[in-house]
Amino acid sequence: MKNNTKKYSIFFVVMVMVLVSTLAVKVKAADPTTGSLTIVVHEQQNNTTNNDPLEGVEYTIYKVDETVETTIQAESYITSNSVTGIAKTTGEDGTVVFDNIALGRYYVKVTNVPDGVVATEDFIVELPRTNSTGTGWDYDITVEPKIKTAFGNLEFTKTDANGTPMNGVEFKLQVKQNNGAWVDYTAQTNFTTNSEGKITLNNLPSYDYNSNTATYRLVEVSVPDTGYIINNKQLATLVWKVNNDGTITIENESSLDSDLFTVTKDANVTKVTYKNEKPEVEKKVKNGGEYLDMVGAFLTDTVEFKVTAGIPMQIADMKTYKITDNIPQGLTLNRESIKIEATTADSSETVPTDVYTLSQTGLEVTFNPQKLAENNYTAIIITYTAKLNMEEAVIGGDGNVNTVTLEYTNKVAENGDEEDKTTTTDTAQVHTGALSIEKVEKGNVETKLAGAKFKIATTEQNAKDGIFVKDETGADIEVETNDQGQAVIEGLKYADNEADTSYWLVETQAPSYIEDGVTKYYNLLKDPVEVQVGKTTHESAVQIENGKGFDLPATGSIGLAIFTVVGIAVMAGAVVLNKKQKVQE
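This is the structure:
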């Protein structure tokens, strides 16, 4: 009995050990119920072979059934079955891990990418899958897709009309959305030209995942000198696209205004130069055969003015182009003399009256910009004459300043609206002088002499020959000193450069005085007196002195008696001599 008990005990132990061993084998061999999917993304930029990790790629995985074999079927499946996915985004190492996910078939879809991605690939993966030796299963799968990216480079240069780089011009860069709207591009923020007039737009992505586009444009915001025209209607014609290989295509390049835009390309960079214009106006006054900034004039002179205003190449996009000549009160405009002409590339002509409107008074000319463009005008030239008006004319000093103003559109919106306008001016000056005279007694300058008369000549010889400066009637200008010995000769021309000019003063009537009840005269000046006329000679008088003459002996005096006796003796001697000559004959 004991032996049997012992046998049964041994049998029981063996059976327990077998059972335990069997259970252990079953636990070890049981299939996992979860796995992991690791995606490592490599960037392939501008068709190069680089394998840099790509950050910012979002993958979403959707669990589908075994009937789904293509991505097209997968899209239909997740839509019809309202499958919710799991989304994760690659980090700096380009890696994203979906761990502890249920086994089965998954649709792996790229649902967001950073700018510049031009090609992605969705795929289907089975978890687990056969291992690389075909002897078992892999429950932790790694996939390493390559995603193509493309970035373009554009160099934009802003110059003036002469090709001089413009520093400090501010722009903003915009990208076009699917709905046609333009939004500001914010990945790069510095869009202000440097000392070379350049903005470098590097690494512009060829594909914006959110808008499915890579179309760009620049909008000009401000320019340091507001005289320059900001024309965003014209700039809006410069639109470019970054291609999948990183090259840039300028849309409608052939239709860009070649006067404003220049496009060049090399292997890596597209270069665009855009000209900016600043219209100028110039005012001149004629002297002989040349036009100057200032001239001197006589009272009787009629002077000719010339206004020249440049017409910008962008005139057709402008709403305002007006010239106003502010003629001073000291000049009287001859309206009949107004001529409005224009130049073209190779000629000049009279501007037709339907191109402008001339004010009824003064000189304000409002032009139609579109008609200026149609006629291909490059500049407006206005000439007219005006005469000095001595009742209002400024004597000396700053002269009679004539200011011309050009008003024009200086900011055009993308839609062609006028957003702002400005003015530029220039001046020309006509100056005329005056001579102040103070007549005083010689040796006693406190005594002022009234009644002296003077004429004035431009040269000493003219003074001696009696050729004097004329007034408006053609008569010699002659002035007479008043009780304070003062007289002023106005309307005298002095040098164009405002230097003092020499004149010669001739006294035509000496002043008188009363002595012992008898009217007597100071000595008349024997020779012309040289004087100066300029900006300030009207402010202080030139002193002219007169002395008194010597008295002749009175009638019946001893001196006169002696003179008479001597005269009779001479005459008697002459008679005797004459008689002797006759006797000899």
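Taking the working numbering, the leading residue of the sequence shown gets 429, the next gets one more, and so forth.
Note that CB positions come from ideal geometry on N, CA and C, so glycine has one too.
Bear in mind that the values here come from a model prediction, so they are computed numbers and not experimental data.
Which of the three DSSP states is assigned to residue i in this structure?
i       : result
GLU583  : strand
TYR635  : coil
SER623  : coil
THR570  : strand
ILE743  : helix
ASN1006 : With a pLDDT of only 46 at ASN1006, under 50, the local geometry of the prediction cannot be trusted, and no value is derived from it.
SER686  : coil
THR614  : coil
THR806  : coil
THR461  : coil
THR728  : coil
THR785  : strand
GLU681  : helix
LYS876  : strand
VAL779  : coil
GLN757  : coil
VAL897  : coil
Does residue i pass the burial test, meaning 16 or more other C-beta atoms within 10 Å, or should it be called exposed?
i      : result
ASN830 : buried
ASP459 : exposed
PRO633 : buried
THR789 : exposed
GLU918 : buried
THR992 : Its pLDDT being 41, under 50, THR992 is placed unreliably by the model, and the measurement read from it follows with that caveat. Its Cβ having fewer than 16 others within 10 Å, THR992 is exposed.
LYS767 : exposed
ILE627 : buried
VAL649 : exposed
VAL541 : buried
ALA915 : buried
ASP911 : exposed
GLU935 : buried
ILE942 : exposed
VAL873 : exposed
GLY724 : buried
GLN473 : buried
With DSSP as the reference, identify every bridge partner of residue i, one or two as the case may be.
i      : result
SER940 : TYR949
ASN762 : THR813
HIS470 : PRO481, LYS574
ASN704 : ASP588
ASN630 : Bridge partners of ASN630: none, in fact.
LEU933 : ILE884, VAL957
ASN607 : ASN607 pairs with nothing; no bridge assigned.
PRO593 : THR587
What span of residues does the alpha helix (DSSP H) with residue i cover, start to end?
i      : result
LEU888 : In the sequence under discussion, the amino acid at residue 888 is Glu, which differs from the Leu named in the question. Where GLU888 is concerned, the enclosing alpha helix (DSSP H) stretches over 888-893.
ALA801 : 797-802
SER508 : 499-508
GLN662 : 660-663
May I ask which residues mark the beginning and end of the beta strand (DSSP E) holding residue i?
i      : result
ASN559 : Neither: ASN559 is in no beta strand (DSSP E) and is coded neither H nor E.
ILE884 : 881-885
ASN540 : 532-540
GLY957 : As written in the sequence, residue 957 is Val, which differs from the Gly given in the question. That run of the beta strand (DSSP E) goes 957-961.
GLY674 : Here GLY674 belongs to no beta strand (DSSP E), and DSSP marks it neither H nor E.
MET722 : 722-724
TYR749 : 749-754
ASN914 : This sequence places Gln at residue 914; Asn is not what is there. Looking at the DSSP string, the run of the beta strand (DSSP E) that includes GLN914 is 914-920.
ALA856 : 846-859
GLN971 : 970-974
ALA515 : 514-517
Can you tell me the Cα-Cα spacing of residue i and residue j, whole angstroms?
i      : j      : result
TYR922 : LEU720 : 15 Å
SER560 : TYR535 : 22 Å
THR875 : LYS712 : 47 Å
TYR836 : GLN798 : 13 Å
TYR567 : LEU555 : 6 Å
TYR702 : ILE658 : 11 Å
SER508 : THR498 : 15 Å
LYS600 : LEU646 : 6 Å
ASP745 : PRO707 : 14 Å
GLU764 : LEU791 : 12 Å
PRO939 : ILE865 : 14 Å
THR772 : ASN925 : 33 Å
ASN715 : LEU877 : 39 Å
ALA814 : VAL793 : 17 Å
VAL994 : ILE884 : Any reading at VAL994 is ruled out, since the residue's pLDDT is 42, under 50, leaving its predicted position unreliable.
ASP826 : ASP944 : 51 Å
VAL709 : TYR749 : 12 Å
LYS976 : TYR931 : 26 Å
ASP687 : ALA770 : 20 Å
Is residue i near the ligand COA, with its Cβ less than 7 Å from a heavy atom?
i      : result
THR752 : The model depicted lacks the ligand COA and carries no ligand whatsoever.
Taking only beta-carbon positions, decide if residue i is within less than 8 Å of chain C.
i      : result
ASP893 : The structure shown contains no chain C; it is built from a single protein chain.
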